[in-house]
Structure formats: structure tokens, C-alpha cells
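Student:
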Amino acid sequence: MEAIQNINFHSFLDTLISLGAAFVLGGLIGYERQYRQRTAGLRTNVLVAVGAAVFVDMANRLEGHAGAVHVIAYVVSGIGFLGAGAIMREDGNVRGLNTAATLWGSAAVGAAAGADLILEAFAATVFVLAANTLLRPIVNRINRRPIEGEDVEVTNTVYVIAAKPFQKLVLAMLSRELELANYPIRDLEVHAFGNDDIEIEAILTSTSVNSEELDQILSKIADRPEVKQAFWSPSTME
5 MEAIQNINFH SFLDTLISLG AAFVLGGLIG YERQYRQRTA GLRTNVLVAV
55 GAAVFVDMAN RLEGHAGAVH VIAYVVSGIG FLGAGAIMRE DGNVRGLNTA
105 ATLWGSAAVG AAAGADLILE AFAATVFVLA ANTLLRPIVN RINRRPIEGE
155 DVEVTNTVYV IAAKPFQKLV LAMLSRELEL ANYPIRDLEV HAFGNDDIEI
205 EAILTSTSVN SEELDQILSK IADRPEVKQA FWSPSTME
């Protein structure tokens with residue numbers, strides 16, 4: 005009977021608004037991640053935001069603002085374990101840091117929504133999306149700028165365009181062929197390329213490569229029917 009006595013339609017409506025805001029705002033962040041085919045996509049970011057909102061909303065209703073503050077602290081530390089699962093380390097190379105940081109941002113959005121700070125949750129969503137979209141061309145422009153000075157390092161990037169259904173197959177093949185030739189991948193990103201294809205961008209750990217050898221590897225990959233194009237390009241960075 006205590007469960008029935010605890011029913012408060014005003015509080016329940018407030019909870020629905022908080023969870024609805026977390027769902028929508030987490031979905032906006034997740035859509036951008038899903039569009040770019042990242043590890044943590046639409047559903048993951050929505051679940052993180054809604055989960056954080058549920059915990060904070062319950063604490064706020066049961067223990068007031070003090071309880072909500074304690075739960076937010078637990079959410080901040082707990083989301084670190086989930087983010088760690090998105091970070092991959094291979095042969096000393098780290099990938100997925102941006103995905104983990106985005107999950108952290110989704111949790112913050114959900115926590116704000118759960119604490120009934122809807123406008124603040126909306127503002128946080130705008131800034132997370134801006135970091136993942138508006139800053140991308142700025143980063144690319146900085147990376148392409150001419151560098152003056154002697155401390156210059158060459159970065160070699162491999163690009164493979166393939167049919168979307170064969171993404172996992174092509175990724176595995178590319179990693180295997182490069183590893184066999186002692187060209188391990190330092191960083192890897194996958195982008196949508198039109199409606200039916202994807203573009204794989206693999207930055208090599210090696211700063212010095214054998215051009216003919218790398219050309220032969222990519223020519224072999226390009227001969228596969230599921231691969232549309234394969235090439236590489238050197239660039240300089242500090």
C-alpha cells in the first residue's frame with residue numbers, strides 16, 4: 005500500500021518532463037555520433053542521458069537537493085567506467101577518447117534534466133554538439149596549416165572507401181595487411197561517404213614508410229570487390 009500512497013501525479017509529471025528532456029537531448033547527441041558511425045551511437049547516448057536523469061530525479065524526490073548532489077557525484081565517477089569501455093588501446097595507441105568524452109557529456113545532460121535544470125541541459129547539449137561538429141573543420145584547418153621550424157614530423161594517413169555493408173570486413177583486412185607490413189595503425193576513424201559507402205581514415209604509427217611497399221598494399225586492397233578506392237597521403241605536423 006505504501007507504493008500507492010507514494011503516487012504523486014504532480015511529481016510524476018515533473019519526472020516525465022525530466023526524462024523526456026533527457027531522451028530528446030541525449031538523442032540529439034547520439035544522432036550526431038550515429039551519423040559518423042562511432043562506437044557509442046544513438047541508443048547508447050540516449051540510455052546514458054536517461055539513466056543519469058532517472059538517478060538524479062529519484063534522489064531529488066527522496067532526499068532533496070542534497071541527495072541529488074550526491075548522486076550526481078556518483079554519476080560523474082560511474083560514467084568513467086562506461087567511457088573506459090569505449091577507449092581502445094592497441095600496441096600503445098589509444099582510440100575512442102572523443103567517444104568517451106561524449107558519453108560523459110550525455111551523462112551531464114541527463115543529470116541536468118533530472119535535476120529539473122532543463123534550460124541548462126539544453127545549453128549543455130548545444131555545446132557538446134558544437135564540440136563534435138563546429139570544431140571539426142577548425143581542427144582540420146589547423147592540421148593543414150604550413151609549419152615553420154625544424155621540429156616537423158610526417159604523418160602518413162591511409163584512406164579506404166568501401167561499401168557500407170562490408171565495413172567490418174574491410175577494417176579487419178586493412179588492419180591485418182598493415183600489421184603484416186609493420187605499419188601499425190595509430191588512430192582510426194570511419195565516416196559516411198555518400199549514402200551507400202564509408203570512408204576509413206587510418207593514421208599510421210610509422211612516420212617513415214616505403215612508398216612502393218605501401219602502394220602495393222593499397223593496390224591489393226583496392227582490388228577487392230567491396231573496396232571502391234584505396235590510397236594514402238603524407239602530411240606534416242609538429
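Numbering (the working numbering), first residue to last: 5 to 242. The beta carbon of each residue, even a glycine, is placed where N, CA and C say it ideally should be.
(1) Nearest by alpha-carbon distance to A196: which of R228, E205, I189 and R190 is it?
(2) Going by CA-CA distance only, name the one from L184, G114 and E181 that's closest to Q48.
(3) Expressed to the nearest angstrom, what Euclidean distance is found between the alpha-carbon atoms of F126 and V58?
(4) Along the alpha helix (DSSP H) that carries A185, what are the first and last residues, could you check?
(5) Do L175 and I33 count as a contact pair if the criterion is CB distance below 8 Å?
(6) Give the single residue among V231, L66 and R37 whose Cα lies nearest to the Cα of I12.
(7) Judging by CA-CA distance, which residue of S237, S210 and I165 is the nearest neighbour of R228?
(8) What is the C-beta distance between A185 and I221, in whole angstroms, given that I count them as a contact (C-beta under 8 Å)?
(9) Which value, in whole angstroms, describes the spacing of the CA atoms of Y187 and S210?
(10) Taking buried to mean at least 16 other C-beta atoms within 10 Å of its own C-beta, is D61 buried or exposed?
(11) Can the beta-carbon of V52 be found less than 8 Å from the beta-carbon of G30?
(12) DSSP three-state call for P229: helix, strand or coil?
Tutor: From the atom records:
(1) E205
(2) The displayed chain sequence assigns Thr, not Gln, to residue 48. Nearest C-alpha to T48: G114.
(3) 17 Å
(4) First-last for A185: undefined, no H or E at that position.
(5) no
(6) Going by the sequence as given, residue 12 is Asn instead of Ile. When only C-alpha atoms are compared, the closest one is L66.
(7) I165
(8) 6 Å
(9) 6 Å
(10) buried
(11) yes
(12) coil
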